[in-house]
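Residue numbers for the sequence shown follow this note's numbering, so the first one is 13 and each next one is one higher.
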Amino acid sequence: MHSSFAEIIHPWHDFYVLVGTASATLVGLMFVTGSIGANFFTEKSAAAMRALISPTVVHFSAALFISIVAAIPTQTWRTLGILLFALGAAGLVYSGKLCLQLFVRQSFNVDMIDRMFYALLPVLGHLLVLVASGLLLMQSEMALDFLAAALITLLGAGIRNAWDMMLWIVIRTPVAGGTGGAPP
């Protein structure tokens, strides 16, 4: 190719730092949310909450690790392609298992919009990572655009899911002096 990989990926550095920082912060906030919401998890809801909190942390973590790997200054087309293939394949397997739980087994009573954001959108994100890895192995500059789309998809789904969980916790927080359980 006409340019070295380092020259091509350099303009993306700030993007990866921003996405990685946001992802790391959101992973930390998910631990805070889990701690605060622990009072509202019952045996009845424990399996469902694990199935919904864990994927959000996993997808934020995937965005974090992809950003870290992409920001390594000595990356080459090949090394980044191989690392992204491994991360994308692992994420796809994880998301596929969640799709199985939510769509096939219907293990939990979850509405369609939640199924889309907790399972289908992350599958798309991880598929985009795999496409980016293939394009990197072919030394195509378009790989970085696909990788950006993957990161935005994973981060967007995670943000929506974190918001959904926060609302779930807030709705169940007892109101001081009230009967608790639900807002007026």
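Built from N, CA and C at the ideal position, the CB exists for glycine as well.
Glu19: member of the alpha helix (DSSP H) spanning 17-21, first to last residue. Here the alpha carbon of Leu112 sits roughly 16 Å from the alpha carbon of Ile125. A distance below 9 Å separates the beta carbons of Gly93 and Gly146. Assignment of Glu153 by DSSP, reduced to helix, strand and coil, places it in the coil class. Here the C-alpha atom of Pro85 lies approximately 17 Å from the C-alpha atom of Thr33. By the beta-carbon neighbour count (other beta carbons within 10 angstroms, threshold 16), Ala98 is exposed.
Separation of Val31 and Glu55 (C-alpha to C-alpha, rounded to the nearest whole angstrom) is 35 Å.
Of Ser152, Ala161, Ser15, Ala169, the smallest CA-CA separation from Leu38 is found for Ala169. The stretch 154-163 makes no contact with the stretch 171-181; the number of CB pairs closer than 8 Å stays below 3. Residue burial is scored here from C-beta neighbours: Leu156 has at least 16 other C-beta atoms within 10 angstroms and is therefore classed as buried. Nearest to Ile171 by C-alpha distance, out of Val69, Arg90, Leu159, is Val69. Contact annotation, Ala144 with Leu96: C-beta distance approximately 6 Å; criterion of less than 8 Å satisfied. Our two residues, Lys109 and Met128, have alpha carbons roughly 14 Å apart in a direct line.
Here Pro23 is exposed: its Cβ has fewer than 16 other Cβ atoms, across all protein chains shown, within 10 Å.
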